[in-house]
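Numbering (our numbering), first residue to last: 91 to 1046.
Where a beta carbon is used, it is the ideal one built from N, C-alpha and C, also for glycine.
Here is the structure we will look at, set down as structure tokens.
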């Protein structure tokens, strides 16, 4: 028995070895990728390292590869505007020396072995076993390779030495890459690997795969023997198989081109990003010599000047943003996880396009292929270009790596003047698809990509021009600027032109890098306002504009409609997709209801009805009616909510409508107590005192302002108001009276503010009835109307100590604060948030969104939580803004950054008009939503009312 078991063990071991050899032989027909570094900065491998200057320099130690050496504690941080705002004489120029030992199996001896670097900043010299692998590579954003087959020792350890210069010896490389508005890093920041191929192999390919299933493949080949054929196979990602094509190859062929056509191929587009696996197999007499796999998509590009950009016969509009390859703890060293995160965030914002200032990581392009994003792929050159020799080499490296990605639809040659006209032709020489080459910010060769246009840009350009236009930068997002603010105006105007092909906002991320050389509480550095441009924080925290863009760019657009208790269930919706019928989407609704005590408890709203909404066939560009089955209890609800989901179950957006008017909600949510004692009002030489139950409010008799509020247990420090905002008011007189059980004080004014009537109820509820803009006088024209323009703030304000506040719960639009030109992206709901002091785009150590302070839209009621100083307010008027304090200004902003408009005096304000936010340029150059309003009053107008209830009662 023992001998039998031993024999079985031997047999099993033999079979395992044989199977391993079989696998090894099978895999040997494909190019093996053997990592010498980690696959990304989150999974690194340690190498020996020596830094020549700055921190942790002049001593051999260890470093993670890939990484930026500054993030590992070496060298010196430099931002690319060192020569301008930062007033530095020169950037940091330290060098890094790397060493790594690796073993090469003996069976690699008859194979070709390349060493590949995904990216190193900036000049890179490579040695293997003391011998130079090739010319020094110059350029920090590009993949490069050396054939090291003849330098290797097989079956033993080999020594890799890499010398990296942060500052290039080539002046044009420094001008293009390192005199730029971004962080400058050093080091081997993308992976390093070996590519091991049989002597006979396919080096690389360039495909042109069309929407009809036809394809051409340009191949670079190595050591092709006699009697060779090339098989072309196509496989679907779900296992679908297609016809196999065979092509004879002549011996010693180095360049070849094949053509085939497969039936029933589904084309790629950003809404249905269908991908396939292309298998190219070299055979000789039936034996596989090499197999080359590439994931591809079939789509047809057409670039028609004075018309548009077409994908699969459809004219496209790109909804895009500019993205840096960046992570705070990694610099430009990222990971597939981060690429997937970014791709999903872009799609969640309903974007379909992305641009960068240099070629991104290849895994990010893979994500764009699979999720569906158009890519503008850029040769670096920030306002300065590479010389022709260097630029030519880098274009070849860039196109060779990225040419087969269906997501890549346009090549960018530099940025904002950073192009070299001599290398334009190099793109097409290496690209069988003949994608266009643009010069971002220029009106060049029929493609107008003007940066930061004004709303009325158009002296024979844009809406008034002849060329297809798509600004490759617009809606600049410094701090809380741009992005969603004013987007709807710009977008609607541009879409009026059939020549509009889209636009790319600046930018996706706040580039705040973690400073390994800083001690203390501040850890992240965006160089003030220079890199605080993101719609997302450095760790992808979502600013308010994120949701504005999500709504404005949603592929389903609702036409304006007011929902009331008599709602018929119908809406008109427009299909803003490029390729998809809206019947590919799903839609459902909910009727939400809150208890009457919601502001007095921790409760929230719940759904009292829900259902599906059938979406009819609606082609792109069409507007049709949808209708939900209105439930019997609809009028009992407070909010109608409709959510839409695409074919992949990704939420497109959730839209909301209040079912009732403000006066209904005030009556519902303000608690009334049954108190038998009348309210009272008394007048002294200096004060008016109104009392109801345990609440006492004291007004100054000379100003009409509140000077104190008390309840049974505490003081509510709401004072110094109401003071008018955007209008003048001079106190005329004060009248007090008793109206039944109510105590009344009416303050009359001259000027824009006509009167304020204060009403104290017996149970302590306190009401303000304000009347403004009632009396026209001094007007000109036939009707004698009074007119005043350029009003960017209008309402009333109070003082309240910020230090008392711990949070707020409110009913209205939320949860983010708004600007006049950035209200979309907020939805009606019962919201709650704790106090925070976030400075948008700066508070990176404690970046809490949504921000607490600022303007909040469509206030219906609120509970301002401040311990024993808490109070509640209820509006009887729709379209009221609540101003919650004043956001702190950034501490490190450079001059000219304009982080936010000025706020009115006071702390708590109730307003009908609030200021707009800038978009890189003055408000006057933005659209109608960004402009101050005007007032025109005629004799006989009822005036403008603002009716608020205050609940200062404690313990309810």
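Taking C-beta atoms as the reference points, residue 287 and residue 121 count as a pair closer than 8 Å. Around the C-beta of residue 427, fewer than 16 other C-beta atoms lie within 10 Å, and the residue is accordingly described as exposed. Close CB contacts of residue 435 within its chain, under the 7 Å cut and outside five residues either way in sequence, are with 626, 630 (chain order). DSSP places residue 400 in the strand class (E or B) of the three-state scheme. In terms of CA proximity to residue 501, 467 leads the group 485, 467, 206.
Between the alpha carbons of residue 749 and residue 640 lies a distance of about 24 Å. The beta carbons of residue 398 and residue 405 sit closer together than 8 Å. When secondary structure is reduced to three states using DSSP, residue 700 falls in the strand class. According to the DSSP secondary-structure assignment, residue 374 is paired through a beta bridge with 318, 377. In the structure shown, residue 1041 adopts extended strand secondary structure according to DSSP, grouped into three states. Under the three-state reduction of DSSP output, residue 422 falls in the coil class, being neither helix nor strand. Here the alpha carbons of residue 901 and residue 697 stand approximately 16 Å from one another. Per DSSP, residue 707 has no beta-bridge partner at all. Three or more Cβ pairs closer than 8 Å define a contact, and the stretch 981-996 falls short of that threshold against the stretch 843-854. Taking a C-beta distance under 8 Å as the contact criterion, residue 209 and residue 231 qualify as a contact pair.
The bridge partners DSSP lists for residue 798 are 788. Below 8 Å, enough C-beta pairs join the stretch 750-760 and the stretch 965-979 to call them touching: three or more.
A Cβ-Cβ separation of about 20 Å leaves residue 459 out of contact with residue 414 under the 8 Å criterion.
Of the candidates 242, 444, 947, 947 places its Cα closest to the Cα of residue 971. Straight across, the Cα-Cα distance linking residue 823 with residue 962 is about 29 Å. Within a 10 Å sphere around the beta-carbon of residue 891 sit fewer than 16 other beta-carbons, which makes this residue exposed.
Under the DSSP assignment, residue 580 falls outside any beta strand (DSSP E), being part of the alpha helix (DSSP H) whose first and last residues are 577-585. Judged by pairs of C-beta atoms under 8 Å, the stretch 665-685 touches the stretch 355-370, as three or more such pairs exist. Nearest C-alpha to residue 765 among 540, 388, 831: 831.
When 771, 292, 782 are compared, the shortest CA-CA separation from residue 378 is found for 292. When the alpha-carbon of residue 161 is set against those of 131, 487, 920, the nearest one is in 131.
Considered as a whole, the stretch 870-954 harbours 876-881, 884-889, 897-904, 917-924, 944-946 as its complete beta strand (DSSP E) runs of no fewer than 3 residues, in chain order. Residue 490: member of the alpha helix (DSSP H) spanning 478-492, first to last residue. Distance from the CA of residue 782 to the CA of residue 825, rounded to the nearest whole angstrom, comes to 18 Å.
For residue 780, the uninterrupted beta strand (DSSP E) segment begins and ends at 777-782. DSSP places residue 512 within a helical segment (H, G or I) once states are collapsed to three. Non-local C-beta neighbours of residue 819 in its own chain, meaning closer than 7 Å and more than five positions away in sequence, comprise 839, 841, 842, 843, ordered along the chain. Taking the Cα positions, residue 620 is about 13 Å away from residue 173. Sequence-distant Cβ neighbours of residue 227 in its own chain, meaning closer than 6 Å and more than five residues away, are 214, 234. Here DSSP, grouped into helix, strand and coil, assigns residue 458 to helix.
Counted as a single uninterrupted DSSP element, the alpha helix (DSSP H) harbouring residue 634 occupies residues 634-642.
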